[in-house]
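Remarks on the structure that follows.
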Amino acid sequence: MNKFKTLCRAGAVALAACWFAMPPLAEAKPVTIVALGDSLTAGLGLGPGESFPEQLEAALKAKGHDVTVGNAGVSGDTTADGLARLDWSVPADADIVIVELGANDALRGIYPVVTRKTLSDILAKLTGRGQKVLLAGMLAPPNLGDLYGKGFNPIYPDLAAQYHVPLYPFFLEGVAADPTLNQADGMHPTKAGVAKIVAAMLPDVEKLLATVAAGG
C-alpha cells in the first residue's frame with residue numbers, strides 16, 4: 003500500500019512538473035483596423051470619442067468584436083498625400099484598411115485621371131501586402147459640372163472591381179447636404195452624422211472581420 007502511495011505521489015509530481023513547464027497559451031490579439039483618410043476620418047471639428055474611427059471601434063466592440071481602429075486621417079489630404087504617407091501611416095501588420103480619400107481632390111478640381119492613378123497605387127500597395135481593404139467612395143460636388151462628375155464618380159467602382167475589394171459607394175451617404183447632420187461648414191459631419199455613417203458601414207466592416215477570422 004505504501005509503495006502504491008509513493009508511486010501515486012511521484013506521478014502527481016511529474017504531472018505537475020509537466021503542467022508548469024508547458025508554455026502559456028498565446029492570447030488572441032485584437033483585429034487591427036486602420037482608417038486612412040482626410041478630415042472626414044480625422045474628425046475635424048469633433049470632440050474626443052466622436053471621430054469616425056473612434057465611433058466605429060465603439061460600435062464594433064458593442065457587438066462583441068475584439069478590435070482596435072486606428073485613426074490615420076489628416077485634414078486636407080488628397081489621394082496623393084495619402085499615398086505619400088501610406089508606408090508610415092498604415093502599419094504593414096494591420097488586418098483591415100478603410101480607405102477614405104478623394105474628397106479634397108474633387109474640391110481642388112484635380113484631374114480625375116490623376117486621382118484614379120494615385121488611388122490605384124494605394125490599393126495596389128495595400129492589397130500587395132495582403133491586407134483586407136474597404137474602399138469608401140466619394141462623389142464629385144455637383145457644382146463642378148457633369149463632365150467632371152463623369153470622370154470622377156466611376157473611379158471608385160472601377161478600382162474596387164479591379165482590385166477585388168469591397169466598396170462602400172459613398173462615404174457621406176444619408177449625411178451629405180443634411181444640415182441637421184453637418185457642422186456649420188456644411189461639409190463635415192457632426193457626431194450624429196458620423197454615427198449614421200458608422201451604422202451604415204458596419205455590416206461591410208463585419209464581413210471583412212469574418213474573413214480575417216476565417217483566415218481568408
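FYI, in the working numbering the residues of the sequence shown are 3 to 218.
Ideal Cβ placement from N, Cα and C applies to all residues, glycine included.
Exercise. Given that a residue counts as buried once 16 or more other Cβ atoms are within 10 Å of its Cβ, and exposed if not, what is Q57?
Worked result: buried
For this session: Could you check the C-alpha separation between L88 and T182 for me, to the nearest Å?
Result: 34 angstroms
Exercise. Using 8 angstroms as the Cβ pair cut-off and three pairs as the minimum, do the stretch 195 to 204 and the stretch 167 to 181 touch?
Worked result: yes
Exercise. Do you know offhand how far D79's Cα is from K119's?
Worked result: 16 angstroms
For this session: Tell me, please, whether the stretch 132 to 145 touches the stretch 154 to 173 by the rule of three or more beta-carbon pairs shorter than 8 angstroms.
Result: yes
For this session: Less than 8 angstroms between the CB atoms is what I'm expecting for I35 and I112, so what's the real figure, rounded?
Result: Between I112 and I35 the Cβ distance is about 28 angstroms, and since that is not below 8 angstroms, they are no contact.
Problem set entry | Any C-beta of chain D under 7 angstroms from that of P171 | Although the question refers to chain D, the structure presented lacks it and comprises just one protein chain.
For this session: Within the same chain, show all residues whose beta-carbon is closer than 6 angstroms to that of S32, passing over the 5 residues directly before and after it, in chain order.
Result: A quick correction: the sequence has Pro, not Ser, at residue 32. Closer than 6 angstroms at the Cβ level, and outside the excluded window around P32, lie D68, V69 and T70.
Exercise. So, using beta-carbon positions, are A61 and L204 closer together than 7 angstroms?
Worked result: yes
Problem set entry | Rounded distance between the beta-carbons of E102 and L46, thought under 8 angstroms | Their Cβ separation, rounded to whole angstroms, is 13 angstroms, which puts L46 and E102 out of contact at 8 angstroms.
For this session: Could you pull out every residue in the same chain whose Cβ sits closer than 6 angstroms to the Cβ of L128, ignoring the five residues on either side in sequence?
Result: V99 and V135
Problem set entry | Rounded separation between P168 and S53 - CA only | 22 angstroms
Exercise. Considering only the beta carbon of each residue, do T81 and L121 sit closer than 7 angstroms?
Worked result: yes
For this session: Check I98 in the structure and name its three-state DSSP category.
Result: strand
Problem set entry | Neighbour-count burial assignment, H190, 16 or more Cβ in a 10 Å radius | buried
Exercise. Alpha carbon to alpha carbon, what distance is there between A96 and V214?
Worked result: 11 angstroms
Problem set entry | Simplified DSSP assignment, three categories, for I199 | helix
Exercise. Mind pulling the beta strand (DSSP E) runs of 3 or more residues that sit fully within the stretch 153 to 206?
Worked result: none
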